[in-house]
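Novice: Mind looking over this structure? Questions follow.
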Amino acid sequence: MEYTVPDLGEREYHEAIYSGFAQSHFARPAIRAFRRHLAARILARSRAEPTSHLLSLGCGIGDTELLVAPHVARVTGIDFSEAAIRQARADAAQAGLRNVEFLVGDLSSLELPARSFDIVIAVFFLHHLPPAELESTARRLPVLLKPGGVFYSLDPSRYRLSGALGRILVPGLMRKYRSPGERELEPAATCELFRRAGLETETCFYDFLSTPCAGLFPGAPRLYRLARLADEVLVRLPLIRRLGSNFEILARAPA
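So the number in the numbering used here is just where the residue sits in the sequence shown, counting from 1, plus 19.
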């Protein structure tokens, strides 16, 4: 049965999504393949170690965080959705993971210890924030990260070719997966926010095809894997990589 999200605000939208649709959708094989690839990439790019303490902003139901948890000392995930956090806690308990903690709230409502995190991640989270809140999040990172700590984010690009094609070919589906407050981000301008906050930053494009394929065809893991192979080539082509679907920011606090 098709799931339809009513016309709600940003918080209400996510509470509705995480109260039903997310659990079934994120369990589909192509989505799980995407999350496994992403978790491995986060661990590699952040140079995570068995002693690392990782904080996840906007963790949702914790599917990426639970994949990362066995490779680090501790994971703390935060999200304003009570439904998402309930599911994340239940999944962590079912997996027998004792080094994870999921909290309801955000950076403005939770008192997180300063300079306590080796890694902070934000997966498909920053583009949901209003501009002022995005700037305040960037300024908060040097306070949260240990010296030399790493911030990793993944968000949709303003220049994504897949978004333009999707709005033409499947406009209804694009609206279904878009929350009221989300937007695509300009990679260079977003990176500059973190640079101004005092972090050493770099950006790179993550994909063209694979994440959109996983979202649109969640039951087709083979298609996702083929798209991922194509992406490994496409994101290296100087003339077209700027049209990639999603971009990463890797930022490091001063040592």
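No residue lacks a Cβ here, since even glycine has one placed at the ideal position from N, Cα and C. In this text, all values refer to a predicted model and were calculated from it rather than measured experimentally.
Please name the residue, chosen from SER65, ALA270, LEU228 and ASN118, that lies closest to THR95 on a Cα-to-Cα basis.
Specialist: When only C-alpha atoms are compared, the closest one is ASN118.
Novice: Is it buried or exposed for ALA141, if we count other Cβ within 10 angstroms and need 16 for buried?
Specialist: Buried, by the Cβ-count rule.
Novice: Looking at the structure shown, is THR83 part of a helix, part of a strand, or coil, going by DSSP?
Specialist: Helix, per DSSP.
Novice: Please confirm whether GLY168 and ASP137 have their CB atoms less than 7 Å apart.
Specialist: Going by C-beta atoms, GLY168 is nearer than 7 Å to ASP137.
Novice: Below 7 Å CB to CB, which residues in the same chain sit around ALA102 once its five sequence neighbours on both sides are set aside?
Specialist: If we look at ALA102 and ignore the five residues flanking it on each side, its Cβ neighbours are GLU34, TYR37 and SER38.
Novice: Can you name, in chain order, every residue of its own chain whose Cβ lies under 6 Å from the Cβ of ALA151, other than the five neighbours on each side?
Specialist: The answer is none, since no qualifying residue turns up.
Novice: Which whole-angstrom value is the C-beta distance of GLY200 and PRO149, which I expect to be below 8 Å?
Specialist: Their Cβ separation, rounded to whole angstroms, is 7 Å, which keeps GLY200 and PRO149 in contact under 8 Å.
Novice: Would you grab the beta carbon distance between VAL263 and SER176 for me? Rounded to a whole angstrom, and I think it's under 8 Å.
Specialist: Before going on, a small fix: residue 263 reads as Gly here, not Val. Contact flag correct, Cβ pair sits at about 6 Å.
Novice: For a quick check, are the C-beta atoms of ASP98 and GLY79 less than 7 Å apart?
Specialist: Yes, Cβ-Cβ distance for ASP98 and GLY79 is below 7 Å.
Novice: Report back the beta-carbon spacing between CYS232 and ALA49 to the nearest angstrom; my notes put them in contact at under 8 Å.
Specialist: Right, the Cβ-Cβ distance comes to about 7 Å (below 8 Å), so this counts as a contact.
Novice: Tell me whether the beta-carbon of LEU161 lies closer than 7 Å to the beta-carbon of ALA270.
Specialist: Note that residue 161 corresponds to Pro in the displayed sequence, not to Leu. Their beta carbons are not under 7 Å apart, which means PRO161 does not touch ALA270 by this criterion.
Novice: Nearest by alpha-carbon distance to TYR243: which of GLU31, ALA52 and HIS44 is it?
Specialist: Of GLU31, ALA52 and HIS44, the residue nearest in Cα terms is ALA52.
Novice: Using the C-alpha atoms, what's the distance from PRO240 back to PHE227?
Specialist: Approximately 16 Å, taken between the alpha carbons.
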